[in-house]
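Undergrad: Numbering (the working numbering), first residue to last: 2 to 219. The C-beta atom is built at its ideal place from N, Cα and C for all residues, glycine as well. Nothing here was measured: the structure is a model prediction, and the numbers come from that model. Let me give you the structure first, and then I'll get to my questions.
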Amino acid sequence: MGEESRIPPGLSLLLIGSGLYWVLSSQLISSFTVLTPGLFQTNASGGLLITIVGIISASIGLWIVQADFDAFRRLATRVDGWIFTVPLVLAASDIYLTLIVLTTSSQIVELNPFVSSAIGIGTAAIVPFMISYLALSQGLGLFMLRVGSYLFSNSRSSYLPFVLICGAASFGPASNLVLLMDANAGPFSYLVAGFGSTLISLVLFIKINRAELGSRQA
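Here it is in structure tokens:
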């Protein structure tokens with residue numbers, strides 16, 4: 002059995018994305034998570050610990066990243082290969098729409114302290130944040146494909162975890178799109194985003210299974 006089969010798909014991208022996130026968070030919010038911003042604000046050793054963990058995580062991910070590149074390339078060259086790029090598209094859309102919404106409407110405030118700090122600093126923080134977000138999104142997508150194959154074997158439901166993750170990831174871009182059209186949408190934007198997320202999951206599930214059925218009959 003080769004190295005490629007021993008490494009779960011998505012693992013290296015998850016490690017890289019998490020590593021970059023932790024390095025950034027040590028500088029931006031002094032915490033491992035946005036749930037407790039400022040946790041190590043007065044503790045230099047705590048902030049250093051986050052940075053070290055992040056560097057180690059990203060380094061391990063870069064060491065084995067070829068496995069994920071190979072897995073993604075195999076998926077992208079399928080007839081329905083565009084479906085497996087959806088996590089990247091949604092992540093990029095979320096970042097892009099968030100930046101536009103925040104710069105075009107003074108009524109909307111970013112509640113995530115990590116994101117707001119990154120935006121406040123500018124390119125120096127936004128670029129690694131984007132790389133982290135994209136890596137985490139695509140890594141999670143690849144990992145969910147493996148989870149689905151374990152849970153449902155060769156049944157049509159094996160793609161269910163992947164499409165559900167895509168649906169959840171579409172919530173942010175969908176709500177931002179509503180806010181971009183109407184800054185006063187408020188809670189209504191979440192209702193529309195929830196409906197959109199469900200619809201995207203359903204459409205992707207139908208598309209991917211139709212393509213799978215077509216490839217088997219060919």
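Three-state secondary structure (DSSP) at D95?
TA: Helix at D95.
Undergrad: Taking all protein chains shown into account, do 16 or more other C-beta atoms lie within 10 angstroms of the C-beta of G123, making it buried, or fewer, making it exposed?
TA: Label assigned to G123: exposed.
Undergrad: Touching or not, the stretch 174-181 and the stretch 100-108, by the rule of three or more beta carbon pairs under 8 Å?
TA: Yes, since at least three Cβ pairs between the stretch 174-181 and the stretch 100-108 fall closer than 8 Å, the two stretches touch.
Undergrad: I'd like to check one pair, I166 with L141: are the Cβ atoms closer than 8 Å?
TA: Cβ distance < 8 Å, so L141 and I166 count as in contact.
Undergrad: Can you name the start and end residues of the alpha helix (DSSP H) that Q67 belongs to?
TA: Run containing Q67: V66 to A77, per the alpha helix (DSSP H) assignment.
Undergrad: What does a CB cutoff of less than 7 Å around G82 pick up in its chain, not counting 5 residues either side in sequence?
TA: These residues qualify, in order along the chain: L76.
Undergrad: Taking DSSP as the reference, what is the three-state secondary structure of E5?
TA: Caution is warranted here: a pLDDT of 44 is assigned to E5, below 50, making its placement in the model unreliable, and no coordinate value can be reported.
Undergrad: Skipping 5 residues on each side, what residues in its chain have a beta carbon closer than 8 Å to that of L63?
TA: For L63, where only same-chain residues beyond five positions count, the Cβ hits under 8 Å are S13 and I17.
Undergrad: Work out the CA separation of F172 and I109 for me, nearest whole Å.
TA: If I take the Cα positions, the gap works out to 17 Å.
Undergrad: Comparing C-alpha positions only, which one of F85, I51, M131 and I101 sits nearest to F70?
TA: Selected option, being the one with the closest Cα: F85.
Undergrad: Could you tell me which of S46, L161 and V66 sits nearest to R1, measuring between CA atoms?
TA: Residue numbering for the chain in the displayed model covers 2 to 219; residue 1 lies beyond these limits and cannot be assessed.
Undergrad: Of all the options L143, P162, R157 and S138, which has the alpha carbon lying nearest to the alpha carbon of G149?
TA: Comparing Cα-Cα distances from G149 to each of L143, P162, R157 and S138, the minimum goes to P162.
Undergrad: Go to F115, then tell me how far its alpha helix (DSSP H) extends in each direction, as first and last residue.
TA: That run of the alpha helix (DSSP H) goes P114 to I122.
Undergrad: So the alpha helix (DSSP H) N185 belongs to, where does it begin and stop?
TA: Premise fails: N185 is in no alpha helix (DSSP H) and is neither H nor E.
Undergrad: Straight-line CA distance for S94 to F144?
TA: Cα to Cα, the separation comes out at about 21 Å.
Undergrad: Can you tell me whether N177 is buried or exposed? The criterion is at least 16 other CB atoms within 10 Å of its CB, across all chains shown.
TA: With 16 or more Cβ atoms within 10 Å of its Cβ, N177 is classed as buried.
Undergrad: If I'm right that P174 touches L112 with Cβ under 8 Å, what's the distance once you round it to whole angstroms?
TA: Not confirmed; about 17 Å, so no contact.
Undergrad: Taking the alpha-carbon positions, what's the M115 to L21 distance?
TA: As written in the sequence, residue 115 is Phe, which differs from the Met given in the question. The alpha-carbon atoms of F115 and L21 are separated by roughly 13 Å.
Undergrad: Between S32 and P38, is the Cβ-Cβ spacing less than 8 Å?
TA: Taking 8 Å as the Cβ cut-off, S32 and P38 qualify as a contacting pair.
Undergrad: Should L135 and A92 be called a contact, given that it needs their Cβ atoms to be closer than 8 Å?
TA: Yes, these two residues count as a Cβ contact at 8 Å.
Undergrad: Would you say Y151 and I209 are within 8 Å of each other, going by their C-beta atoms?
TA: Contact flag unset, no.
Undergrad: Tell me which residue opens and which closes the alpha helix (DSSP H) that Q28 is part of.
TA: Start and end: L12 to L29.
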